[in-house]
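There are 2 protein chains.
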Amino acid sequence: MEERTEISSLGEFGLIDHLTINNETKNASTILSVGDDAAVIDHFGKQTVISTDLLLEGIHFDLSYTPLKHLGYKSVVVNISDIYAMNATPTQIVISLAFSNRFSVEALDEFYAGVYAACEAYNVDLVGGDTSTSQRGFVISITAIGEVTPDKYVTRNGAKANDLICVSGELGGAFLGLTILEREKKIFETTGAQPDLEGQAYIVGRLLKPEARKDIVEYFSEADIMPTSMMDISDGLSSELLHICKQSNTGCVLYEDKLPLNDEAKEFAYKLQLDPTACALSGGEDYELLFTVSQNDFEKIKVNPSISIIGYMTEAAEGKNIITRGGNKHALVAQGWNHMK
Amino acid sequence: MEERTEISSLGEFGLIDHLTINNETKNASTILSVGDDAAVIDHFGKQTVISTDLLLEGIHFDLSYTPLKHLGYKSVVVNISDIYAMNATPTQIVISLAFSNRFSVEALDEFYAGVYAACEAYNVDLVGGDTSTSQRGFVISITAIGEVTPDKYVTRNGAKANDLICVSGELGGAFLGLTILEREKKIFETTGAQPDLEGQAYIVGRLLKPEARKDIVEYFSEADIMPTSMMDISDGLSSELLHICKQSNTGCVLYEDKLPLNDEAKEFAYKLQLDPTACALSGGEDYELLFTVSQNDFEKIKVNPSISIIGYMTEAAEGKNIITRGGNKHALVAQGWNHMK
Chain F
482 MEERTEISSL GEFGLIDHLT INNETKNAST ILSVGDDAAV IDHFGKQTVI STDLLLEGIH
542 FDLSYTPLKH LGYKSVVVNI SDIYAMNATP TQIVISLAFS NRFSVEALDE FYAGVYAACE
602 AYNVDLVGGD TSTSQRGFVI SITAIGEVTP DKYVTRNGAK ANDLICVSGE LGGAFLGLTI
662 LEREKKIFET TGAQPDLEGQ AYIVGRLLKP EARKDIVEYF SEADIMPTSM MDISDGLSSE
722 LLHICKQSNT GCVLYEDKLP LNDEAKEFAY KLQLDPTACA LSGGEDYELL FTVSQNDFEK
782 IKVNPSISII GYMTEAAEGK NIITRGGNKH ALVAQGWNHM K
Chain Y
482 MEERTEISSL GEFGLIDHLT INNETKNAST ILSVGDDAAV IDHFGKQTVI STDLLLEGIH
542 FDLSYTPLKH LGYKSVVVNI SDIYAMNATP TQIVISLAFS NRFSVEALDE FYAGVYAACE
602 AYNVDLVGGD TSTSQRGFVI SITAIGEVTP DKYVTRNGAK ANDLICVSGE LGGAFLGLTI
662 LEREKKIFET TGAQPDLEGQ AYIVGRLLKP EARKDIVEYF SEADIMPTSM MDISDGLSSE
722 LLHICKQSNT GCVLYEDKLP LNDEAKEFAY KLQLDPTACA LSGGEDYELL FTVSQNDFEK
782 IKVNPSISII GYMTEAAEGK NIITRGGNKH ALVAQGWNHM K
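So the sequence lines, in the order shown, correspond to chains F and Y.
Counting from 482, one number per residue, gives the positions in the first sequence under the numbering used here.
Counting from 482, one number per residue, gives the positions in the second sequence under the numbering used here.
In structure tokens:
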């Protein structure tokens, strides 16, 4: 039988001590960490970047198929992905949790193991937070802090006509991973049949254990590339690109045949009679970086195998369009996640 | 009839635009505010202080007697109170909300009116956040950022034997406010009788609209006082003082007759057959500052009418004690809020 320690046996402060006892800071910028009213950070002349995310059970994640360790890892990753999307380097996080008494200390340990693994992988320090009970459901709030050399941060509003539209990695995988997990969950609930995830490791991994594109931001620095605009893809490519167009006051042309799709994902999409292009355009949670660069940077961009050039920006009057494989032009529409609907 | 606009009619991004359309930044340190993946802050050589709080309906607040505007105000105040408790100045907040569809745009407007009022009162900029639906209940996560001159921050571990123990304002009021509101709620639920809050404006105000002690931190700067330890009182005086003793490795002596109690609060405590001292020691949510100073600062402290000297620190071996009005010595015990129990 699995061990189960009631959280109430530790008390709030005992729990915090328990969860942070092996917490070590890695960054010189972390002056004061967990254990006081607030943490203290010194970015020594650099600017501070801050981003926050709130994740709720039943809305953003389903514990019936999400291992807690993966959830801890992903919670950190989705947040620091926003810091990378500013062309900045994440340095610290604070994390607040609320959980009902169905959670044991062992369950929280699992979650924190994922949090610490992500902190390790991305060289980020956990410096504070808050814990509380909830009446129902698991609530995760993470705020990430990062640093950037003054004025090197990249916003969503600097794209110009003729800039190249680029994306890192591959798109649509996380959405397909979610689709298969939801399908298997329904089958299990109806028939009791165990999940069949044979051959779906890639797409399931894309959903459950995404990575943030630290490497791309590091490449920008090495290759001396300053993107003209950037954001991370959490809602879906079209939705995010439309944001950049709106905020930069530009139009755009995307090429369907340039969209980076993974072979396993494509195969699975066909199996489900889904259009892989639609998955790439509207599937969320890939946490790849969408950015624009000046055409002068073309040579530097094309040598990086993790970056695809998928189109170019235009004057606003030309609209926002996608050119299909067959050469037809369609208006780009946003069909990303919308938690408000 | 009150107007009700469904949040779904605006969509997530429309809602964010609506809530932040009049948001103006006041601090030179706010380089980039709401509207991108992250905000950018430049504290120009100062250190950055960060603190976070998670507030859940049914656990931390009860909407049946908490007006949304007050809740918005208080959510900001409790968070920046932690920044003041570091002897720092709050400069920015990010705020994430999750709410069910029972909330209308008008309800969120009320909440944000309180948030903006607090931002105005404390000269803080709202620079980002996240909004989401919840299946049930209102969830508020706020992270505050502040700045401090390098190494001027005050922790919980610097108190020394013979330091004076000081507290700002008056204690126990918020706990008594909560007691009366909970009592009136029960009476209303049982009998339908409208709340009788006659003469209880002070204690109800202490609970529903606390203030953070900006003035005290400003006084430290003017009078050139550097507290040896400090924290804000959210859980109750004894619990917080025991934290400082533990982290500073000291003991303490408190004097019951020095505890600052409000007359209205005292009267109401007697009416309920509660011990006012117990309310001051164990009642939470007063958001006053508890701090220690060297005896050399005695003259500077005693001239400030908002500060009471309530005892002194001792060597750890002498224990943590309170001297009652009758001259008896008792061990100080923590009976503060504990959301884990």
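Quick reminder that beta carbons are idealized off the backbone N, C-alpha and C, glycines included.
This one's a predicted model, so the numbers in the text were calculated from it and none came from an experiment.
For HIS524 (chain F) and chain Y, any beta-carbon pair shorter than 8 Å?
-> By one-based count along the first sequence, residue 524 (chain F) stands at place 43. By this cut-off, HIS524 (chain F) is an interface position.
Simplified DSSP assignment, three categories, for PHE701 (chain Y) = Counting from one through the second sequence, the residue named residue 701 (chain Y) turns up at place 220. Note: PHE701 (chain Y) maps to helix in three-state DSSP.
Tell me where the beta strand (DSSP E) around LYS801 (chain Y) begins and ends.
-> The count along the second sequence starts at 1 and reaches residue 801 (chain Y) at position 320. First-last of the beta strand (DSSP E) with LYS801 (chain Y): 801 to 804.
Given that PHE709 (chain Y) touches chain F, what residues does it touch there, using C-beta distances under 8 Å?
-> Residue mapping note: residue 709 (chain Y) aligns to position 228 of the second sequence, counting from 1. Strictly speaking, residue 709 (chain Y) in this sequence is Thr, with Phe absent from that position. Here the premise fails: no neighbours, minimum Cβ distance about 14 Å.
Quickly, what does DSSP pair GLU493 (chain F) with across the bridge? List them, please.
-> Against the first sequence, residue 493 (chain F) aligns to sequence position 12. According to DSSP, GLU493 (chain F) bridges with nothing at all.
Assuming VAL620 (chain Y) contacts VAL620 (chain F) under a Cβ cut-off of 8 Å, what Cβ separation, rounded to an integer in Å, is found between them?
-> In the second sequence, counting from the first residue as 1, residue 620 (chain Y) sits at position 139. In the first sequence, counting from the first residue as 1, residue 620 (chain F) sits at position 139. The Cβ separation is near 6 Å, so the contact holds.
Whose C-alpha, out of Y:SER556, Y:ALA520 and Y:HIS524, is nearest the C-alpha of LEU442 (chain Y)?
-> It is not possible to answer for residue 442 (chain Y), since the shown part of chain Y is limited to 482 through 822.
N-terminal and C-terminal residue of the alpha helix (DSSP H) that VAL774 (chain Y) is part of = Within the second sequence, the letter at position 293 stands for residue 774 (chain Y). It is not in any alpha helix (DSSP H) - VAL774 (chain Y) instead sits in the beta strand (DSSP E) that spans 770 to 774.
Are ALA642 (chain Y) and GLU538 (chain Y) closer than 8 Å when you measure CB to CB?
-> As a first step, residue 642 (chain Y) must be located in the second sequence, where it is residue number 161. As a first step, residue 538 (chain Y) must be located in the second sequence, where it is residue number 57. The answer is no: Cβ separation not under 8 Å.
Alpha carbon to alpha carbon, how far is ILE576 (chain Y) from SER613 (chain Y)?
-> In the second sequence, residue 576 (chain Y) corresponds to position 95, counting from 1. In the second sequence, residue 613 (chain Y) corresponds to position 132, counting from 1. Taking the straight line joining both Cα atoms gives about 12 Å.
Rounded Cβ spacing between MET711 (chain Y) and PHE772 (chain Y) (contact assumed at less than 8 Å) | On the second sequence, residue 711 (chain Y) is found 230 positions in, with the first residue counted as 1. On the second sequence, residue 772 (chain Y) is found 291 positions in, with the first residue counted as 1. 4 Å between Cβ atoms; contact.
Start and end of the alpha helix (DSSP H) containing GLN528 (chain F)?
-> Along the first sequence, one-based indexing puts residue 528 (chain F) at 47. Looking at the DSSP string, GLN528 (chain F) is not in any alpha helix (DSSP H); the run it does join, the beta strand (DSSP E), is 528 to 537.
Tell me whether ALA704 (chain Y) is buried or exposed, calling it buried when 16 or more other Cβ atoms sit within 10 Å of its Cβ.
-> The sequence position of residue 704 (chain Y) within the second sequence is 223, counting from 1. Result: exposed.
N-terminal and C-terminal residue of the alpha helix (DSSP H) that LEU477 (chain Y) is part of = Past the edges of chain Y, shown from 482 to 822, lies residue 477 (chain Y), and the structure says nothing about it.
Answer yes or no: does any C-beta atom of chain Y fall closer than 8 Å to that of PRO691 (chain F)?
-> Locating residue 691 (chain F) in the first sequence gives position 210, where the first residue counts as 1. Not closer than 8 Å to any Cβ of chain Y, the Cβ of PRO691 (chain F) fails to qualify, so no.
Per DSSP, what kind of secondary structure is GLY817 (chain F) in: helix, strand or coil?
-> By 1-based counting over the first sequence, the position of residue 817 (chain F) is 336. Annotation note: pLDDT 49 at GLY817 (chain F) (below 50); position unreliable, coordinate value reported separately. If DSSP states are grouped into helix, strand and coil, GLY817 (chain F) belongs with coil.
Could you tell me which chain Y residues have their CB closer than 9 Å to the CB of MET794 (chain F), listed as they occur along the chain?
-> Translated into the one-based positions of the first sequence, residue 794 (chain F) becomes position 313. Ordered by position in chain Y, no residue passes the 9 Å Cβ test against MET794 (chain F), which lies about 18 Å from the chain.
Any non-hydrogen atom of the ligand MG within 7 Å of ASP713 (chain F) CB = Ligands displayed in this structure: none; no statement on the ligand MG is therefore possible.
Anything in chain F within Cβ reach of ARG637 (chain Y), meaning under 9 Å, just list it in chain order.
-> In the second sequence, residue 637 (chain Y) corresponds to position 156, counting from 1. The answer, in chain order, is GLY516, ASP517 and ASP518.
Are the CB atoms of ILE706 (chain Y) and GLN681 (chain Y) nearer to each other than 8 Å?
-> By one-based count along the second sequence, residue 706 (chain Y) stands at place 225. By one-based count along the second sequence, residue 681 (chain Y) stands at place 200. The answer is no: Cβ separation not under 8 Å.
Compare the beta carbon distance of ALA655 (chain F) and ARG687 (chain F) with 8 Å and say whether it is the shorter of the two.
-> Taking the first sequence and counting its residues from 1, one reaches residue 655 (chain F) at position 174. Taking the first sequence and counting its residues from 1, one reaches residue 687 (chain F) at position 206. Result yes, Cβ atoms of ALA655 (chain F) and ARG687 (chain F) sit closer than 8 Å.
Which partner residues of PHE542 (chain Y) appear in the DSSP bridge assignment?
-> Within the second sequence, the letter at position 61 stands for residue 542 (chain Y). Per DSSP, Y:GLU538.
Applying the criterion that 16 or more other CB atoms from any shown protein chain within 10 Å of the CB defines a buried residue, is GLN776 (chain F) buried or exposed?
-> Translated into the one-based positions of the first sequence, residue 776 (chain F) becomes position 295. With fewer than 16 other Cβ atoms within 10 Å, it is exposed.
Closer than 7 Å at the beta carbon, the chain Y residues around SER649 (chain F) | Taking the first residue of the first sequence as position 1, residue 649 (chain F) is located at position 168. Residues of chain Y passing the Cβ test: none, with the nearest at roughly 14 Å.
Provide the residue(s) that pair with HIS811 (chain Y) in DSSP beta bridges, ordered along the chain.
-> As a first step, residue 811 (chain Y) is located in the second sequence; it is residue number 330 there, counting from the start. Partner(s): Y:ILE803.
Is the beta carbon of PHE592 (chain F) sitting closer than 8 Å to the one on LEU652 (chain F)?
-> If you number the first sequence from 1, residue 592 (chain F) lands on position 111. If you number the first sequence from 1, residue 652 (chain F) lands on position 171. Contact flag unset, no.
When you compare only the Cα positions, how much space is there between LYS747 (chain Y) and ALA759 (chain Y)?
-> By one-based count along the second sequence, residue 747 (chain Y) stands at place 266. By one-based count along the second sequence, residue 759 (chain Y) stands at place 278. Using only the alpha carbons, I get a separation of about 11 Å.
Tell whether a beta-carbon distance below 8 Å holds between LEU607 (chain Y) and ILE574 (chain Y).
-> As a first step, residue 607 (chain Y) is located in the second sequence; it is residue number 126 there, counting from the start. As a first step, residue 574 (chain Y) is located in the second sequence; it is residue number 93 there, counting from the start. Yes. Within cutoff.
Closer than 8 Å to chain F by CB, GLY609 (chain Y) | Counting from one through the second sequence, the residue named residue 609 (chain Y) turns up at place 128. Closer than 8 Å to some Cβ of chain F, the Cβ of GLY609 (chain Y) qualifies, so yes.
With burial defined as no fewer than 16 other Cβ atoms inside 10 Å of the residue's Cβ, what is the status of PRO631 (chain Y): buried or exposed?
-> As a first step, residue 631 (chain Y) must be located in the second sequence, where it is residue number 150. It counts as exposed.
Hey, does ASP713 (chain F) have any beta-carbon neighbour from chain Y nearer than 8 Å?
-> Locating residue 713 (chain F) in the first sequence gives position 232, where the first residue counts as 1. With 8 Å as the cut-off, ASP713 (chain F) counts as an interface residue toward chain Y.
Whose CA, out of Y:LEU552, Y:ASP778, Y:GLU766 and Y:GLN675, lies closest to the CA of PHE701 (chain Y)?
-> Position 220 of the second sequence, counted from the start, is the residue given in the question as residue 701 (chain Y). Of the listed residues, the one whose Cα sits closest to PHE701 (chain Y) is Y:ASP778.
Consider the Cβ of ASP738 (chain F): report whether some Cβ of chain Y lies at a distance smaller than 8 Å.
-> As a working mapping, residue 738 (chain F) is identified with position 257 in the first sequence. No, ASP738 (chain F) lies away from the interface with chain Y (no Cβ there is under 8 Å from its Cβ).
How about VAL455 (chain Y): is its C-beta nearer than 8 Å to some C-beta of chain F?
-> Examination of residue 455 (chain Y) is not possible in this model, given that chain Y is present from 482 through 822 alone.
Among Y:LEU578, Y:PHE584 and Y:ASP738, nearest to VAL596 (chain Y) - alpha-carbon criterion | The residue labelled residue 596 (chain Y) in the question sits at position 115 within the second sequence. Looking at the Cα atoms, Y:LEU578 is the closest of the given residues.
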